[in-house]
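Top line first, the protein sequences correspond to chains L and A.
Heads up: the first sequence is residues -7 to 247, going by our numbering.
Heads up: the second sequence is residues 110 to 413, going by our numbering.
We put the CB at the ideal spot given by N, CA and C, even for glycine.
These notes concern the structure reproduced below.
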Amino acid sequence: MNPDQIGFYTLLKKEILRFTSVMAQTVGAPVITAILYLLVFAQAMQGRASAYEGITYTQFLLPGLVMMTVIQNAFANTSSSLIQSKLMGNLVFLLMSPLGPLQWFCAYVLAALLRVTIVGIAMLAATMPFVDLPVEAPLMLVAQFLLAGGTLAVLGLITGIVAQRFDHIASVTNFVIAPASFLSGVFYSVHSLPPLWYTVSHLNPFFYMIDGFRYGFFGYSDVAPWISLSWSAGFFVLCTTICMIMLSTGYKLRN
Amino acid sequence: MNTPSPSALRIDSVSKSFGSLAALKKVNIDIKQGEFFGLLGPNGAGKSTLISIVAGLTRMDSGAVSVMGHDSVRDFRSARRKLGVVPQELVFDPFFKVHEVLRIQAGYYGCGAEALPWIEEMLERLELRDKRNTTMRSLSGGMKRRVLIAQALVHKPPVVILDEPTAGVDVELRRTLWAFMRDLHANGTTVVLTTHYLEEAQEMCERIAILDHGEIQALESTPALLARQPFRFLKVRLPENSALPDHLQSLVSSEENHFIELKLNTSTHPVGKVLDMLRSAGIAVEDVHTRDPDLEDIFVELTQ
Chain L
-7 MNPDQIGFYT LLKKEILRFT SVMAQTVGAP VITAILYLLV FAQAMQGRAS AYEGITYTQF
53 LLPGLVMMTV IQNAFANTSS SLIQSKLMGN LVFLLMSPLG PLQWFCAYVL AALLRVTIVG
113 IAMLAATMPF VDLPVEAPLM LVAQFLLAGG TLAVLGLITG IVAQRFDHIA SVTNFVIAPA
173 SFLSGVFYSV HSLPPLWYTV SHLNPFFYMI DGFRYGFFGY SDVAPWISLS WSAGFFVLCT
233 TICMIMLSTG YKLRN
Chain A
110 MNTPSPSALR IDSVSKSFGS LAALKKVNID IKQGEFFGLL GPNGAGKSTL ISIVAGLTRM
170 DSGAVSVMGH DSVRDFRSAR RKLGVVPQEL VFDPFFKVHE VLRIQAGYYG CGAEALPWIE
230 EMLERLELRD KRNTTMRSLS GGMKRRVLIA QALVHKPPVV ILDEPTAGVD VELRRTLWAF
290 MRDLHANGTT VVLTTHYLEE AQEMCERIAI LDHGEIQALE STPALLARQP FRFLKVRLPE
350 NSALPDHLQS LVSSEENHFI ELKLNTSTHP VGKVLDMLRS AGIAVEDVHT RDPDLEDIFV
410 ELTQ
């Protein structure tokens, strides 16, 4: 490995160690929360007609819950890491290092993707005995998972760069990420919504991530899979462009 | 034909403003390889801003910085690999143990397993061996400071900047640090020191720059800086009930424990002449001391 590769690998390893050293908090807690959602909603909605023929409500719900957990945890991983480093002051070690913006970007995003992969697999493994999930379009499933996890990791980076306090991160989490992920069709099909909310849902990028991810399992979706994939890819490219500009110019990092 | 070796650190016409405040005004400093250089100035003079610019923590408005010939912006990777900075603040990553912090820091700079013997040596030299498996949050302030020093040196940079490394540290660490720095300097490392302990700078530094209000007020070898003021201090103890003649009152710089210190311009008031004046005034001086101005006197003179 050349020095640049060693630098990148070190930052990636550090970011992985950061969340693996508190696995109960970073992996265990979101898995438990998502399973509780599944239990409660599956029980409460028992007997309700499913959005898709031949698919139970519990089956319908699980991919959405996995994706919602991915969205929230990918965002939390990068945003919390960056704001902690900022507030503790130890970000200077990274800022003074020879690591370039692309190495920063890739290391933070890959670490977040690893975390949400572990969370997602743990959720699916824990529910496997109770919920039978087919896999109809594995490539779409993986693509949507990576694009959603990657996009939210990048959004977390952007928020971490801009934020000056934990409050700022909490505000974005509570007032943007959580509502947008809850109102993205995790618990229902958007076809069941009134016309206004049906239209509004189509402006929510998280809706396409969840809908496309669900297509990967069932081969059914609310919108055509290529539209979901295009929205997810477009949102990823947009967020990545903004983030790379911030990292390259040192916006809010190199005062 | 041999090409001349590049400067260890070259700061070329660097300016930086924060809003309407001009923190640095076209600062020029050229530090040769192997120098022990002092960067002094009162609080708010611009030292930390300058160091932040060199370290890549702050972007300059104009000018250029190079480390060992590598431009700090265009060729930032090479420049940063040649530089180690001990920050002024006690910053640390609470998640990791001491040896993990050092391995991570080495990795950032592209150093792999080959850095391990040097890490062990630094742990030994900085008396951190017993703390290698202690998490950073559990260390005392002094121990954290030692780790900061080790972090700055972990990639064996040829240029090291110490930003007030002895602020608030005990005598033992101060001695350990200076012994370590002397060894590194003897082996060719360029050391740039900022400190408020002027006696340290006078003792350690070969050349000194004094920065005030964002401008270089003086940049000379330490002996030349000390010799640049034509002053000498004369301390006399007068008999009780004796007073200094009126025409010498304007020369008084301090009074303490019956001693009066006079700040004499050696061309207009040589020591012998002043003593003659006291004798002529009928004052039998009981005790006499003289001293050359030290760095603190020069510093005060330049920054008042």
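- Chain order gives no chain L residues near Thr275 of chain A, where near means a beta carbon separation below 7 Å; the closest approach is about 19 Å.
- A check of alpha carbon separations from Met37 of chain L across L:Thr18, L:Leu185, L:Leu53, L:Pro90 identifies L:Leu53 as the nearest.
- The C-alpha of Phe185 of chain A lies about 23 Å from the C-alpha of Glu198 of chain A.
- A distance below 6 Å between beta-carbons, with the five flanking residues on each side excluded, links Arg119 of chain A to the following residues of its chain, in chain order: Asp139, Ser175.
- Look at Ala224 of chain A here: in three-state DSSP terms it is helix.
- Contact between the segment 21 to 37 of chain L and the segment 57 to 73 of chain L is present: 3 or more CB-CB pairs across the two stretches fall below 8 Å.
- The beta-carbon distance between Pro151 of chain A and Asp385 of chain A, rounded to whole angstroms, is 38 Å. This is too long to meet the 8 Å contact definition.
- Using a CB distance cut-off of 8 Å, Thr167 of chain A counts as an interface residue toward chain L.
- For Lys134 of chain A, same chain residues with a beta-carbon under 7 Å away, outside a window of 5 residues either side, are Ser124, Gly323, Glu324 in chain order.
- Exposed is the label assigned to Tyr190 of chain L, since fewer than 16 other Cβ atoms lie within 10 Å of its Cβ.
- Under the Cβ criterion of 8 Å, Ala164 of chain A is counted among the residues facing chain L.
- Sixteen is the threshold: since fewer than 16 other Cβ atoms of the shown chains lie within 10 Å of the Cβ of Phe167 of chain L, the residue is exposed.
- The C-beta of Val84 of chain L comes closer than 8 Å to at least one C-beta of chain A.
- Counting along the chain, no alpha helix (DSSP H) covers Gly172 of chain A; the unbroken beta strand (DSSP E) around it starts and ends at 171 to 176.
- CA-CA distance, His179 of chain A to Ser173 of chain L, rounds to 47 Å.
- Not one beta carbon of chain L lies nearer than 8 Å to the beta carbon of Pro266 of chain A.
- Of all residues in the segment 196 to 228 of chain A, only Pro196, Glu198, Leu199, Val200, Phe201, Asp202, Pro203, Phe204, Phe205, Glu209, Val210, Arg212, Ile213, Gln214, Ala215, Gly216, Tyr217, Tyr218, Gly219, Cys220, Gly221 place a beta-carbon less than 9 Å from a beta-carbon of chain L.
- According to DSSP, residue pairing for Ile270 of chain A in a beta bridge involves A:Val194, A:Val301.
- With a threshold of 8 Å between beta carbons, Arg337 of chain A makes no contact with chain L.
- Per DSSP, the beta bridge partners of Ala131 of chain A are A:Ser126.
- Look at Phe185 of chain A: its C-beta is under 8 Å from a C-beta on chain L.
- Following the DSSP letters along the chain, one finds Ile325 of chain A in no alpha helix (DSSP H) but inside the beta strand (DSSP E) bounded by residues 324 to 330.
- For the alpha helix (DSSP H) assignment, the uninterrupted runs of no fewer than 4 residues enclosed by the segment 333 to 358 of chain A are, from N- to C-terminal side, 355 to 358.
- Taking the C-beta atoms as reference points, Gly(-1) of chain L is found nearer than 8 Å to Gln95 of chain L.
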